[in-house]
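K.L.:
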Amino acid sequence: MRNTTRKGFTLIELLIVVVIIGILAAIAIPKFANTKEKAYLASMKSDLRNMATVEEGYFSDFQVYTNGTASNQGGTTASLSGFVPSAGVRLTAANTGGTGWSATTSHSATTRTCAIFIGVAAVSPATVEAEPKCN
Numbered sequence: 042m043r044n045t046t047r048k049g050f051t052l053i054e055l056l057i058v059v060v061i062i063g064i065l066a067a068i069a070i071p072k073f074a075n076t077k078e079k080a081y082l083a084s085m086k087s088d089l090r091n092m093a094t095v096e097e098g099y100f101s102d103f104q105v106y107t108n109g110t111a112s113n114q115g116g117t118t119a120s121l122s123g124f125v126p127s128a129g130v131r132l133t134a135a136n137t138g139g140t141g142w143s144a145t146t147s148h149s150a151t152t153r154t155c156a157i158f159i160g161v162a163a164v165s166p167a168t169v170e171a172e173p174k175c176n
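Its first residue numbered 42, the sequence shown is counted upward by one per residue in our numbering.
1. Is A135 near S122, with beta carbons less than 7 Å apart?
2. Suppose you measure from the CA of T168 to the CA of E78; what does that come to, to the nearest Å?
3. Which residue from L52, N75 and V58 puts its Cα closest to that of A150?
4. Just reading off the beta strand (DSSP E) that A119 is part of, what are its end residues?
5. Report buried or exposed for N44, applying the criterion of at least 16 other Cβ atoms within 10 angstroms of its Cβ.
6. With a threshold of 8 Å on Cβ separation, who are the neighbours of P166 within its own chain once the five nearest residues in sequence on each side are excluded?
7. Hey, how far is the Cα of N113 from the Cα of L55?
8. State the CB to CB distance for the pair A119 and A111, rounded to an integer number of angstroms; the pair is presumed to be in contact (CB under 8 Å).
9. Let me check one thing: in DSSP terms, what residues is N91 bridge-paired to?
10. Once DSSP output is grouped into helix, strand and coil, what is the label at T152?
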C-alpha cells in the first residue's frame, strides 16, 4: 500500500479563483472611478465655500467684492486676494459692486462645474443663494 498525499492546487481550482478575483475587480473598478469624481466635486465645493469667506473678508476691508480668477493647475498657481484653490481647480469670481458676487469652479480632471452666488441673480448650476451646487 502506497500512501500518496496530494499537495498543491489543481488547475481547475486555480482557474476558479482567478475568475472570482476578476469578477470582484470588474465590480470594484467602476465604483472607484465614481469615487474619484466625487472627490473632485467635493474639492470644488470646498473652494467655493472658502471663496465666500474671502469675499466677505475683502468686503469688510474695502466695501467692495473682489473679482478675477484663481487657479492651481499644471503646477502653476494664481491667487485671488490671497486665495489659492485646491490642486486642479480653476475658480472665477465676479462682483456687482457692493450688492453681491458669484463664483464658478472647474476641475482639470472632470467636465463638471460648480457655482455659488450671494446677493446677485442665480448662476447656473447654483439655484439657492450661498449654496454651492454642481451640475
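In this text, a Cβ means the ideal position worked out from N, Cα and C, and glycines have one as well. Predicted model, so just to flag it, every value in this text is computed and none were measured.
P.N.:
In short, the structure shows the following:
1. The residue labelled residue 135 in the question sits at position 94 within the sequence shown. The residue labelled residue 122 in the question sits at position 81 within the sequence shown. No. Outside cutoff.
2. In the sequence shown, counting from the first residue as 1, residue 168 sits at position 127. In the sequence shown, counting from the first residue as 1, residue 78 sits at position 37. Computed Cα separation, rounded: 22 Å.
3. Here residue 150 refers to the residue found at position 109 when the sequence shown is read from its first residue. Among L52, N75 and V58, the Cα nearest to that of A150 belongs to N75.
4. The residue labelled residue 119 in the question sits at position 78 within the sequence shown. Unbroken beta strand (DSSP E) run through A119: T117 to A119.
5. In the sequence shown, the residue the question calls residue 44 occupies position 3. So N44 ends up on the exposed side.
6. Sequence index remark: in the sequence shown, residue 166 carries index 125 (1-based). Here P166 has T154, C155, A156, K174, C175 and N176 as same chain residues with Cβ atoms under 8 Å from its own Cβ, once five neighbours each way along the sequence are excluded.
7. In the sequence shown, counting from the first residue as 1, residue 113 sits at position 72. In the sequence shown, counting from the first residue as 1, residue 55 sits at position 14. The alpha-carbon atoms of N113 and L55 are separated by roughly 48 Å.
8. In the sequence shown, counting from the first residue as 1, residue 119 sits at position 78. In the sequence shown, counting from the first residue as 1, residue 111 sits at position 70. That belief holds up - the Cβ atoms of A119 and A111 are roughly 6 Å apart, short of 8 Å.
9. Translated into positions along the sequence shown, residue 91 becomes position 50. DSSP output for N91 lists no bridge partner at all.
10. Taking the sequence shown and counting its residues from 1, one reaches residue 152 at position 111. Reduced to three states, the DSSP call for T152 is strand.
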